[in-house]
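Worksheet for the structure shown next.
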(Lines of atoms letter the chains of each structure in order from A and count residues from 1; the text may use other names and numbers.)
(Lines give C-alpha, C1' and ligand atoms only; values in the text may rest on other atoms or scores of the structure.)
Protein backbone atom coordinates (compact mmCIF):
# COMPACT_ATOMS: atom_id res chain seq x y z
CA UNK A 1 0.00 0.00 0.00
CA UNK A 2 2.80 2.42 0.89
CA UNK A 3 4.61 1.68 -2.38
CA UNK A 4 1.50 2.61 -4.39
CA UNK A 5 1.04 5.92 -2.53
CA UNK A 6 4.73 6.75 -2.97
CA UNK A 7 4.47 6.11 -6.71
CA UNK A 8 1.45 8.40 -6.99
CA UNK A 9 3.20 11.12 -4.97
CA UNK A 10 6.32 10.70 -7.14
CA UNK A 11 4.31 11.11 -10.34
CA UNK A 12 2.55 14.19 -8.96
CA UNK A 13 5.86 15.74 -7.87
CA UNK A 14 7.41 15.04 -11.29
CA UNK A 15 4.43 16.70 -12.98
CA UNK A 16 4.73 19.75 -10.70
CA UNK A 17 8.48 20.04 -11.34
CA UNK A 18 7.99 19.78 -15.11
CA UNK A 19 5.24 22.42 -15.09
CA UNK A 20 7.35 24.77 -12.95
CA UNK A 21 10.31 24.31 -15.27
CA UNK A 22 8.15 24.99 -18.34
CA UNK A 23 6.68 28.10 -16.74
CA UNK A 24 10.15 29.44 -15.92
CA UNK A 25 11.25 28.81 -19.50
CA UNK A 26 8.13 30.50 -20.88
CA UNK A 27 8.54 33.59 -18.73
CA UNK A 28 12.22 33.87 -19.65
CA UNK A 29 11.55 33.46 -23.38
CA UNK A 30 8.64 35.91 -23.32
CA UNK A 31 10.67 38.59 -21.54
CA UNK A 32 13.61 38.14 -23.89
CA UNK A 33 11.30 38.31 -26.93
CA UNK A 34 9.66 41.49 -25.63
CA UNK A 35 13.06 43.13 -25.11
CA UNK A 36 14.18 42.12 -28.59
CA UNK A 37 10.98 43.39 -30.24
CA UNK A 38 11.25 46.69 -28.36
CA UNK A 39 14.89 47.02 -29.48
CA UNK A 40 13.94 46.37 -33.13
CA UNK A 41 11.17 48.96 -33.01
CA UNK A 42 13.45 51.48 -31.28
CA UNK A 43 16.13 51.02 -33.95
CA UNK A 44 13.50 51.41 -36.68
CA UNK A 45 12.10 54.63 -35.18
CA UNK A 46 15.61 56.06 -34.68
CA UNK A 47 16.61 55.26 -38.26
CA UNK A 48 13.49 56.81 -39.80
CA UNK A 49 13.54 59.92 -37.60
CA UNK A 50 17.23 60.52 -38.35
CA UNK A 51 17.09 59.97 -42.12
CA UNK A 52 13.47 60.85 -42.95
CA UNK A 53 13.45 57.97 -45.45
CA UNK A 54 11.10 55.01 -45.32
CA UNK A 55 10.34 52.52 -48.06
CA UNK A 56 8.59 49.17 -48.37
CA UNK A 57 11.82 47.27 -47.69
CA UNK A 58 12.26 48.99 -44.30
CA UNK A 59 8.68 48.18 -43.30
CA UNK A 60 8.99 44.56 -44.48
CA UNK A 61 12.24 44.19 -42.52
CA UNK A 62 10.52 45.54 -39.40
CA UNK A 63 7.61 43.10 -39.79
CA UNK A 64 10.00 40.19 -40.30
CA UNK A 65 12.23 41.19 -37.37
CA UNK A 66 9.29 41.50 -34.97
CA UNK A 67 7.83 38.17 -36.09
CA UNK A 68 11.13 36.33 -35.65
CA UNK A 69 11.15 36.39 -31.85
CA UNK A 70 8.25 34.09 -31.01
CA UNK A 71 5.10 36.00 -30.09
CA UNK A 72 2.74 36.61 -32.99
CA UNK A 73 2.54 40.41 -33.18
CA UNK A 74 0.84 42.94 -35.41
CA UNK A 75 2.95 45.99 -36.26
CA UNK A 76 1.39 49.23 -37.48
CA UNK A 77 3.42 52.13 -38.83
CA UNK A 78 1.48 55.39 -38.57
CA UNK A 79 2.28 58.85 -39.90
CA UNK A 80 0.96 62.06 -38.43
CA UNK A 81 1.44 65.16 -40.59
CA UNK A 82 2.17 68.47 -38.91
CA UNK A 83 -0.43 71.09 -39.82
CA UNK A 84 -0.24 74.78 -38.89
CA UNK A 85 -3.69 76.30 -38.33
CA UNK A 86 -4.66 79.92 -37.75
CA UNK A 87 -6.05 80.47 -34.27
CA UNK A 88 -9.64 81.79 -34.58
CA UNK A 89 -9.62 83.14 -31.01
CA UNK A 90 -6.35 85.06 -31.40
CA UNK A 91 -5.99 86.74 -34.81
CA UNK A 92 -2.47 86.63 -36.20
CA UNK A 93 -1.42 83.57 -34.16
CA UNK A 94 -1.27 79.92 -35.11
CA UNK A 95 -1.35 76.52 -33.43
CA UNK A 96 -0.09 73.08 -34.43
CA UNK A 97 -2.11 69.94 -34.93
CA UNK A 98 -1.16 66.52 -36.20
CA UNK A 99 -3.40 64.75 -38.70
CA UNK A 100 -3.15 61.02 -39.46
CA UNK A 101 -2.02 60.24 -42.99
CA UNK A 102 -2.21 56.99 -44.95
CA UNK A 103 0.97 57.70 -46.92
CA UNK A 104 3.80 56.40 -44.74
CA UNK A 105 6.52 56.60 -47.41
CA UNK A 106 6.85 60.39 -47.84
CA UNK A 107 8.02 62.32 -44.79
CA UNK A 108 8.40 66.00 -44.04
CA UNK A 109 10.39 67.59 -41.29
CA UNK A 110 8.32 67.71 -38.09
CA UNK A 111 6.01 64.80 -38.97
CA UNK A 112 5.41 62.20 -36.27
CA UNK A 113 6.17 58.52 -36.74
CA UNK A 114 4.33 56.11 -34.47
CA UNK A 115 4.91 52.36 -34.41
CA UNK A 116 2.28 50.34 -32.56
CA UNK A 117 2.95 46.70 -31.65
CA UNK A 118 0.14 44.45 -30.41
CA UNK A 119 0.16 40.72 -29.76
CA UNK A 120 -2.25 38.74 -31.92
CA UNK A 121 -2.14 35.45 -30.03
CA UNK A 122 -0.15 33.56 -27.42
CA UNK A 123 2.61 31.08 -28.17
CA UNK A 124 1.91 27.36 -27.90
CA UNK A 125 3.73 27.00 -24.59
CA UNK A 126 1.91 30.02 -23.15
CA UNK A 127 -1.50 28.63 -24.07
CA UNK A 128 -0.56 25.19 -22.65
CA UNK A 129 0.53 26.68 -19.33
CA UNK A 130 -2.57 28.85 -19.18
CA UNK A 131 -4.77 25.77 -19.57
CA UNK A 132 -2.81 23.65 -17.09
CA UNK A 133 -1.73 26.12 -14.40
CA UNK A 134 -3.59 29.32 -15.19
CA UNK A 135 -0.31 31.21 -15.74
CA UNK A 136 -0.91 34.16 -18.01
CA UNK A 137 1.35 37.04 -19.01
CA UNK A 138 0.06 40.36 -20.24
CA UNK A 139 0.09 40.54 -24.04
CA UNK A 140 2.69 42.56 -25.91
CA UNK A 141 1.14 46.00 -26.43
CA UNK A 142 3.25 49.14 -26.75
CA UNK A 143 3.80 52.15 -28.99
CA UNK A 144 6.92 54.13 -29.77
CA UNK A 145 6.97 57.47 -31.53
CA UNK A 146 9.48 59.91 -32.93
CA UNK A 147 9.55 63.22 -34.77
CA UNK A 148 11.27 63.48 -38.15
CA UNK A 149 14.38 65.63 -37.74
CA UNK A 150 15.70 65.88 -41.28
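In the numbering used here, the protein residues as written are 165 to 314.
C-beta atoms are modelled at their ideal positions from N, C-alpha and C, and glycine is treated no differently.
Where residue i falls, given that 16 or more other Cβ within 10 Å makes a residue buried
i: residue 275; result: buried
i: residue 194; result: buried
i: residue 248; result: exposed
i: residue 220; result: exposed
i: residue 288; result: exposed
Residue from the options whose Cα sits closest to the Cα of residue i
i: residue 285; options: 302, 297, 262, 278; result: 302
CB contact flag (residue i, residue j, <8 Å)
i: residue 271; j: residue 308; result: no
i: residue 258; j: residue 250; result: yes
i: residue 263; j: residue 245; result: yes
i: residue 279; j: residue 208; result: yes
i: residue 229; j: residue 306; result: no
Rounded distance between the beta-carbons of residue j and residue i, thought under 8 Å
i: residue 183; j: residue 297; result: 6 Å
Residue i - partner residues in DSSP beta bridges
i: residue 283; result: 237
i: residue 250; result: 258
i: residue 305; result: 282
i: residue 316; result: Any answer about residue 316 is impossible in this case: the structure gives the chain only from 165 up to 314.
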